[in-house]
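Residue numbers (this note's numbering), protein chains in the order written: chain A, 1 to 580; chain B, 1 to 580.
Positions of the beta carbon are idealized from the N, C-alpha and C atoms, including for glycine.
Small disclaimer: the values here were computed from a predicted structure and weren't measured.
Here the structure is laid out as structure tokens; the discussion comes afterwards.
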């Protein structure tokens, strides 16, 4: 090694020894006859000292070093007179004899500090400099730690990591595939996997019993802040299991990760049905770090002559503790907020329960004080609280109030960072009806098993069929989901029929899986966690991009290497394709 | 779990307990009033017993079970009267009370046995059945074990696993890229990485100090037996290191893998220069499980009037111990073997040193007994040995004799399975001249650093420049290679110039890397192991396909899922491409 020690390990026990450190110049300070340089590497920062009186030439040389120069410094460890208890190396400094410039540096386009002056675009263009910042480096160290803990935990549980192929086959169900033209089979394409779903099921048919993989997956979707065209999953599958076994195993994994990586004990994860989640939180991924659950006041609110209530399918409210003093302006602003197209409510109704016990509302004309009291009563409101009411179509109103609940949670600082509340959501519907295309879609995917008792409903009322499916939610973020799978060819065929596949298309696309089911497929099920999201939750970050070494931007571009890019005519010709 | 135990764990200590096992019917035997079924899962095989006298209905049911049916068997553990000491569960059997058929199975198209009757094509089409065979399952278990040991070793050495992107940019150097058309940036393409080379170097610029990744890489090459379009690398990079540090670190990893996975102590790996490897073995990846090194007899053999020798640049031989009794027919056959186009020798000359001390050769007309004795003497031949001589152009003759040496090693059973002889090869040339395109190519890749003292030769005699590069060879197979990298922009630019890149092309393709070198790039180097090959060597297999769960065939097809395949017109249109 060009160094004897890293910049993070020296302390008073090393006083007096000769060392060589290598690293980057974080900053330098001239203090009269002394020059101090903070030398940085992945492991920490160590202070170098140069003395003008002792060695003027060397000191001048040190003064000539710019930010981010890479140097080797040779010298002796000495106790500092002015100790810095905040730094692990803060008790010592290096009295430098000699330096060697290993590489110079131009002035970086932004500061290499936690609070950098670089904007997102600039940081991404110079991602190799952005990654030098502590805050980003720690995110990737956390990611590594989560990955290695996950692998070791699953290994001890008897899971085998098996690599599934990246170049597979395009399927019409689900999101859009990225495809790869084949040179050796012109006119034909591979597709990049959206998940290794069918392969992991085949591994169960093959008898591997317990499979996992940390695996890159790909979706050609229009991107949002928390989406990347390539992302990583913790992908798992088990044979001869019930839903309970899978929840136990992956609750065990998640608790172990919280404990070993963050030192947090989460306790047993509560469970909630999809119906209860929608009814009480207006979301299938509720943040249960705070209450503010819904109160249904449909029966108390109809027939009072207020048309918006009388025409509503459902009237529900939340109780914002201590918000009775909200001003007119604040309430107008909240009303505008719920009326935005993303939320889609037609209006917001409030009831203030003043600290003085006086009740005021936006519906005083229609509701008697007793009527309002009944609402406050059912909502468990206390003096000082504010009731916020939405009314309309059932699901849309629940979802809108769910959004408002999250927003009020933010405004009231109820979504505490550093607090982690995992939750299993179970009992999902198997199918979702799409009004636009007038067909059912699989809520999870077409391989999800219905609850056995509901199978007859597939013929009579498919929308009512419940799935043997489950999601893991942490702090309102869906971390993963899975299901018990179909392992019977006939049921799988029926499922494709319900989803509108012709027999031919089902056979062409998934024939290999249905054939496999004819050769002794075991009962099986599994789960997949979004690893980028899991890292982001663990790291307390806002954007998954800060937890990916080289992310792409919202147009799917890597601005550092400038891709996607044109390829040569010769390449196109070899592949047998042309640009339109 | 649907089972209480696996099929691999019950023994005499469990006698008398009630158990439920799940698995596949491996085979069944009717023995008078008793029926035996071997029930198989990933963990082993357990014998089930059904007694016609005790329960005729159940016994009939058991007799109806076909091969590969999936069942749950409920019963009691009992000591076997007829123990099988070869099976971990061979002391017990299950007296079955009840069975449940979890899934039936058609008759498999080949037998699920180590020695199957299925050919390669059929096995690949039904890979999920092929994977049920012990021999293949164990290969994938070995692969998992090697992966987890590799990760834990490197983690303990301070390496961080960092995922680099799969959708990157096409570059003209090296093999052909697979490309991915971009929908959001029409007319532009991503490329799949042939290796994460530039990204790992950027991670060093970013200060990550020690990086590794088990990572899928892609090459659109015409395939051979040991090539796959997608393959896996153990990819590593370190900063502030010399070549010695990298060899130490990865020799440590390899020795640890041998020890922990195979229980084999390999000792310190010998090192050999490229020049010595070519001179003594005619290969840059010699199998050193056996000797049979080359003897140069050019000076002893010229001027005897034999034109093939007199016109040769080099005359070299190997000594095949104990082969002096080779018949005319055997020698003719060996001569034909070296004259095949793959080997390319013009002929083969032999000298037999008989057990009786009599010397016979194919060049008796030109060589006196003393001349022949001098050759035998220099070759350390003993009575009973056979000398095989090739002559011609230097490199071609060395390579041809290297092939002959390997072949003789095979024929004499000197390449012993289960014996492992790793070797570092160092001191490679930086560049290779290609006669066809009349230009230099990088022997490793364009980022490899020249030996510092040889840098001036880049201007005067590039072919003479040695690289700071190294390969790990095990048993004659190149497992991996690496180098100290260039970390200086000007040297990198010069390297591209020597390789025939225009400044514009170098900037367009690798500008991001050269720019990064201007912001404090540390000295760094690394290595990559071919993980599929490593697994194959460890597992003692012939084909990497047996160590990959879902491999592709020689046409790049996955015959199980039938890909590559046509995609829809709509997909093509969205991507802005047409078929030619």
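| Beta-carbon proximity check, residue 289 of chain B vs residue 416 of chain B, cutoff 8 angstroms | yes
| query | Can residue 327 of chain A and residue 315 of chain A be called in contact, C-beta distance under 8 angstroms? | reply | no
| Where residue 543 of chain B and residue 179 of chain B are concerned, what is the direct C-alpha to C-alpha distance, given to the nearest angstrom? | 27 angstroms
| chain B contact residues for residue 320 of chain A, given Cβ-Cβ distances below 9 angstroms | In chain order: nothing, as chain B lies at least about 41 angstroms away.
| said: Please tell me whether residue 146 of chain B and residue 34 of chain B are closer than 8 angstroms, where the distance is taken between their beta carbons. | reply: no
| message | Using the three-state DSSP reduction, which class does residue 78 of chain B fall into: helix, strand or coil? | response | strand
| DSSP state of residue 407 of chain B, grouped into three classes? | helix
| query | When the Cα of residue 229 of chain A is compared with those of B:167, B:177, B:409, which residue comes out closest? | reply | B:167
| Helix, strand or coil at residue 462 of chain B according to DSSP, with G and I counted as helix | helix
| request: Whole angstroms is fine: what's the gap from residue 359 of chain A's alpha carbon to residue 311 of chain A's? | output: 25 angstroms
| Of all the options B:514, B:154, B:479, which has the alpha carbon lying nearest to the alpha carbon of residue 420 of chain B? | B:479
| In terms of alpha-carbon separation, which member of B:16, B:72, B:100, B:85 lies closest to residue 78 of chain B? | B:16
| query | If you measure from the beta carbon of residue 577 of chain A to each beta carbon in chain B, is any gap under 8 angstroms? | reply | yes
| CA-to-CA distance, residue 183 of chain A to residue 579 of chain A, given in whole angstroms | 16 angstroms
| said: Check for me: the alpha helix (DSSP H) holding residue 582 of chain B runs from which residue to which? | reply: Here chain B has residues from 1 to 580 only, and residue 582 of chain B is not among them.
| task | Answer yes if the segment 488-505 of chain A comes into contact with the segment 444-457 of chain A, meaning at least three C-beta pairs across the two stretches below 8 angstroms, and no otherwise. | result | yes
| task | Evaluate the contact criterion for the segment 239-246 of chain B versus the segment 513-523 of chain B: three or more CB pairs, one atom per stretch, below 8 angstroms. | result | yes
| task | Would you please state the rounded distance, in angstroms, between the beta carbons of residue 423 of chain A and residue 473 of chain A? I believe it to be under 8 angstroms. | result | 5 angstroms
| request: Please go through the segment 448-517 of chain A and give each complete beta strand (DSSP E) segment of 3 or more residues, from N-terminal end onward. | output: 469-474, 477-484
| Would you call the CB atoms of residue 387 of chain A and residue 376 of chain A closer than 8 angstroms? | yes
| field | Residue(s) in a DSSP beta bridge with residue 351 of chain A | value | A:361, A:387
| task | Return the first residue and the last residue of the beta strand (DSSP E) that residue 233 of chain B is part of. | result | 230-239
| residue 529 of chain B versus chain A: which residues are under 7 angstroms apart at the beta carbon? | The premise fails here: residue 529 of chain B is roughly 15 angstroms from chain A at the closest Cβ pair, so nothing lies under 7 angstroms.
| task | Closer than 6 angstroms by C-beta to residue 313 of chain A: which residues in its own chain qualify, once you throw out the five before and the five after it? Chain order, please. | result | 393, 394
| query | From A:304, A:541, A:391, pick the residue whose C-alpha is nearest to that of residue 368 of chain A; which is it? | reply | A:304
| Nearest-angstrom Cα separation, counted from residue 149 of chain A out to residue 40 of chain B | 31 angstroms
| request: Report yes or no: is there a C-beta of chain A within less than 8 angstroms of the C-beta of residue 571 of chain B? | output: yes
| task | Would you mind sorting residue 24 of chain B into buried or exposed? The rule is 16 or more other CB atoms within 10 Å of its CB. | result | buried
| query | Helix, strand or coil: how does DSSP classify residue 7 of chain B here? | reply | coil
| query | So, residue 538 of chain A versus residue 202 of chain A, is the Cβ gap smaller than 8 angstroms? | reply | no
| message | Quick check on DSSP: helix, strand or coil for residue 175 of chain B? | response | coil
| Proximity to residue 198 of chain B [Cα-Cα], best of B:64, B:504, B:211 | B:211
| Where residue 369 of chain B falls: helix, strand or coil (DSSP) | helix
| task | With distances taken Cα to Cα, identify the nearest neighbour of residue 362 of chain A among A:372, A:397, A:122. | result | A:372
| Secondary structure at residue 243 of chain A, three-state DSSP: helix, strand or coil? | helix
| query | Counting Cβ pairs closer than 8 angstroms, one from the segment 52-70 of chain A and one from the segment 101-118 of chain A, do we hit at least three? | reply | yes
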